[in-house]
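Written out below as structure tokens is the structure these notes cover.
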Amino acid sequence: MELDRVVPFGRSLDEYVQMFNLTERDLQRSILGVGDGPASFNAEGTKLGYQIQSIDPLYEFSAAQIRSRFEAVVCNIIEQVRRTPNDWVWGYHGSPDGLKLNRERAIELFCQDYELGKATGRYTIAALPELTLDRTYDLGLCSHLLFLYSDHLDEAFHFAGICAMLRVCREVRIFPLLTLNLQPSPYLSILLKRFSKMGYTCEIQKVAYELQRGGNKMLKITQP
Ligand SMILES: C[S@@+](CC[C@H](N)C(=O)[O-])C[C@H]1O[C@@H](n2cnc3c(N)ncnc32)[C@H](O)[C@@H]1O
Numbered sequence: 062m063e064l065d066r067v068v069p070f071g072r073s074l075d076e077y078v079q080m081f082n083l084t085e086r087d088l089q090r091s092i093l094g095v096g097d098g099p100a101s102f103n104a105e106g107t108k109l110g111y112q113i114q115s116i117d118p119l120y121e122f123s124a125a126q127i128r129s130r131f132e133a134v135v136c137n138i139i140e141q142v143r144r145t146p147n148d149w150v151w152g153y154h155g156s157p158d159g160l161k162l163n164r165e166r167a168i169e170l171f172c173q174d175y176e177l178g179k180a181t182g183r184y185t186i187a188a189l190p191e192l193t194l195d196r197t198y199d200l201g202l203c204s205h206l207l208f209l210y211s212d213h214l215d216e217a218f219h220f221a222g223i224c225a226m227l228r229v230c231r232e233v234r235i236f237p238l239l240t241l242n243l244q245p246s247p248y249l250s251i252l253l254k255r256f257s258k259m260g261y262t263c264e265i266q267k268v269a270y271e272l273q274r275g276g277n278k279m280l281k282i283t284q285p
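Here is the structure:
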């Protein structure tokens, strides 16, 4: 992974709860966060006693390297957001400045937890579309990777990546279902058909979280 091609923006536990409709019961299950990057979901959740394992190719880098990349891109990204006011819904973050503050908080909590979490195996280097993990999980979550980057990751990548998650997770949830251009991912309907045909239960749920305008839907896939 080339760090200068990554936008290490991470979300908080509260954002994960809203994006994935997580109940307290869900949070008590064993959770695999795929592509968690510098989200503070694991750091905050672990403090509350939840069992969360995060994987990301980004974890080959140190906290200082990830933070420095964040600092190099954050102002530019927030400026891009400011220049496209119609693309965003501010119910959660309030404003571009609120968004920046929330991303800064998340990476700060992540960095504080990262070395300990890495040493105890909570942050592991791994990447879709293959997952070689030696255990299974109740719930797999994938935020802001699959579907969002449909222009960069093709249908075969999406299919293989979701299959890999389903091999180790009883249930998989993916958010958002829009691309970076705020269009529904071109792979969504075809993948829904493929996984339904394979016997999985696929359900699109509305969620409370919406930052990208129209991006308030989450896909839930459950084992037969
Ligand atoms: C926009 S960030 C989202 C971070 C986090 N999931 C969140 O929502 O706060 C996308 C993340 O996907 C990770 N990523 C990129 N390619 C990946 C792959 N093939 N497998 C797993 N993660 C990947 C990046 O390193 C980055 O941390």
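Heads up: the sequence shown is residues 62 to 285, going by my numbering. C-beta: ideal position from N, C-alpha, C; glycine also.
Worksheet item: If we ignore side chains and look at the alpha-carbon of each, how far apart do serine 156 and isoleucine 127 end up?
Response: Residue numbering aside, residue 156 sits at position 95 when the sequence shown is read from its first letter. Residue numbering aside, residue 127 sits at position 66 when the sequence shown is read from its first letter. Rounded to whole angstroms, the gap between the alpha carbons of serine 156 and isoleucine 127 is 24 angstroms.
Item to complete: Out of Trp151, Gly159, Ser129 and Tyr120, point me to the one whose CA is closest to glycine 276's CA.
Response: In the sequence shown, residue 276 corresponds to position 215, counting from 1. Closest option to glycine 276, judged by alpha-carbon separation, among Trp151, Gly159, Ser129 and Tyr120: Trp151.
Discussion item. By DSSP's criteria, cysteine 263 is part of a beta bridge. Which residues make up the other side?
Written reply: Locating residue 263 in the sequence shown gives position 202, counting from the first residue. Its beta-bridge partners are Ile282.
Worksheet item: By a C-beta neighbour count over all protein chains shown, 10 Å radius and 16 as the cutoff for buried, is proline 99 buried or exposed?
Response: Residue 99 sits at position 38 when you count from the first residue of the sequence shown. The C-beta of proline 99 has 16 or more other C-beta atoms within 10 Å across all chains shown, which makes the residue buried.
Discussion item. Contact defined as beta carbons within less than 8 angstroms: I believe arginine 200 pairs with glutamate 176. What is the distance between those atoms, to the nearest angstrom?
Written reply: Taking the sequence shown and counting its residues from 1, the one referred to as residue 200 is at position 139. Taking the sequence shown and counting its residues from 1, the one referred to as residue 176 is at position 115. Residue identity differs from the one stated: residue 200 is leucine in this sequence, not arginine. By a beta-carbon distance limit of 8 angstroms, leucine 200 does not contact glutamate 176. Their separation comes to about 26 angstroms.
Practice prompt. Alpha carbon to alpha carbon, how far is lysine 161 from alanine 167? Give it in angstroms, no decimals.
Written response: Working through the sequence shown from its first residue, we reach residue 167 at position 106. Working through the sequence shown from its first residue, we reach residue 161 at position 100. Here the alpha carbon of alanine 167 sits roughly 10 angstroms from the alpha carbon of lysine 161.
Practice prompt. Just the C-alpha distance for isoleucine 92 and threonine 262, rounded to the nearest angstrom, thanks.
Written response: Stepping through the sequence shown from its first residue, residue 92 is reached at position 31. Stepping through the sequence shown from its first residue, residue 262 is reached at position 201. Distance between the alpha carbons of isoleucine 92 and threonine 262: 19 angstroms.
Worksheet item: Is the distance from the Cβ of alanine 104 to the Cβ of leucine 170 below 8 angstroms?
Response: In the sequence shown, counting from the first residue as 1, residue 104 sits at position 43. In the sequence shown, counting from the first residue as 1, residue 170 sits at position 109. Leucine 170 is positioned such that its CB atom lies closer than 8 angstroms to that of alanine 104.
Item to complete: Starting from arginine 231, trace the beta strand (DSSP E) both ways and give me its first and last residue.
Response: To locate residue 231, count along the sequence shown from 1; it is residue 170. Taken as a continuous stretch (DSSP letters only), the beta strand (DSSP E) holding arginine 231 covers 230-236.
Worksheet item: histidine 219: which of Pro190, Asn137, Lys254 and Thr145 sits nearest, CA to CA?
Response: Position 158 of the sequence shown, counted from the start, is the residue given in the question as residue 219. Cα-wise, what sits closest to histidine 219 is Pro190.
Worksheet item: Hey, is serine 204 close to ligand 1, as in C-beta under 7 angstroms from one of its heavy atoms?
Response: Your numbering for residue 204 matches position 143 in the sequence shown. Yes, Cβ of serine 204 sits closer than 7 angstroms to a heavy atom of ligand 1.
Worksheet item: Can methionine 279 and methionine 80 be called in contact, C-beta distance under 8 angstroms?
Response: By one-based count along the sequence shown, residue 279 stands at place 218. By one-based count along the sequence shown, residue 80 stands at place 19. In terms of Cβ geometry, methionine 279 and methionine 80 form a close pair [threshold 8 angstroms].
Worksheet entry | Nonlocal neighbours in the same chain, by C-beta distance under 7 angstroms from phenylalanine 122, ignoring five residues either side | Taking the first residue of the sequence shown as position 1, residue 122 is located at position 61. For phenylalanine 122, where only same-chain residues beyond five positions count, the Cβ hits under 7 angstroms are Leu64.
Item to complete: Identify, in the order they occur along the chain, each residue of the same chain with its Cβ nearer than 8 angstroms to the Cβ of glycine 159, setting aside the five sequence neighbours on each side.
Response: What you label residue 159 is simply residue 98 of the sequence shown in a count that begins at 1. Here the set comprises Trp151.
Worksheet entry | Candidates Ser211, Ile116 and Val68: closest to alanine 188 by CA position | As a position in the sequence shown, residue 188 is number 127, starting the count at 1. Closest option to alanine 188, judged by alpha-carbon separation, among Ser211, Ile116 and Val68: Ile116.
Worksheet item: Thinking C-alpha only, which one of Trp149, Gln89, Ile282 and Ser73 is nearest methionine 226?
Response: Numbered from its first residue, the sequence shown carries residue 226 at position 165. It is Ile282.
Discussion item. Given this structure, state the Cα-to-Cα distance separating valine 78 from threonine 84, to the nearest angstrom.
Written reply: By 1-based counting over the sequence shown, the position of residue 78 is 17. By 1-based counting over the sequence shown, the position of residue 84 is 23. Between the alpha carbons of valine 78 and threonine 84 lies a gap of roughly 7 angstroms.
Worksheet item: Applying the criterion that 16 or more other CB atoms from any shown protein chain within 10 Å of the CB defines a buried residue, is histidine 205 buried or exposed?
Response: If you number the sequence shown from 1, residue 205 lands on position 144. When all chains shown are included, histidine 205 counts as buried.
Discussion item. Can you list, in chain order, the residues of its chain with a C-beta nearer than 8 angstroms to that of aspartate 212? Leave out the 5 residues immediately preceding and following it.
Written reply: Walking along the sequence shown from the start, residue 212 turns up at place 151. Counting only Cβ-Cβ distances below 8 angstroms, and skipping sequence neighbours, we find Thr240, Leu241 and Asn242.
Worksheet item: leucine 56 lies in the beta strand (DSSP E); which residues open and close that run?
Response: Residue coverage of the chain in this structure runs from 62 to 285, which leaves residue 56 outside it and unanswerable.
Worksheet item: Along the chain, which unbroken stretches of the beta strand (DSSP E) at least 3 residues long are found entirely within the region 101-156?
Response: Taking only runs of at least 3 residues, the beta strand (DSSP E) segments lying wholly in the region 101-156 are 113-116.
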